[in-house]
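Q:
Numbering (this note's numbering), first residue to last: 10 to 95.
1. Please state whether the Cβ-Cβ distance between residue 19 and residue 30 is less than 8 Å.
2. With distance defined between alpha-carbon atoms, name the residue in 85, 72, 82 nearest to residue 27.
3. Please classify residue 33: is it buried, with 16 or more other beta-carbons within 10 angstroms of its beta-carbon, or exposed?
4. Who does residue 92 pair with in a DSSP beta bridge?
5. For residue 21, which of helix, strand or coil comes out of DSSP?
6. Can you name the start and end residues of the alpha helix (DSSP H) that residue 47 belongs to?
Here it is in structure tokens:
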């Protein structure tokens with residue numbers, strides 16, 4: 010992701026959800042693709058997600074996804090703007 014991603018307000022995200030969100034963004038950037046498949050264990054490792062049950066992990070991922078569906082991002086300059094749902 011670009012540095013501007015740090016400006017996206019993630020007020021409704023818990024710290025765990027923020028970690029998961031940026032881990033997913035980073036994997037997408039690394040692979041330069043629109044779709045990425047990450048095994049649970051790898052995602053847990055990359056996001057420092059430890060000592061929680063599989064059920065809790067799935068629940069946290071679902072919450073991240075639900076919140077991502079409501080995120081918007083805007084880039085503006087003097088002559089135009091670009092706005093989209095993340």
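A virtual CB, placed ideally from N, CA and C, is assigned to each residue, including glycine.
A: Looking at the coordinates:
1. yes
2. 72
3. buried
4. 83
5. coil
6. That residue, residue 47, is in no alpha helix (DSSP H); it is neither H nor E in DSSP.
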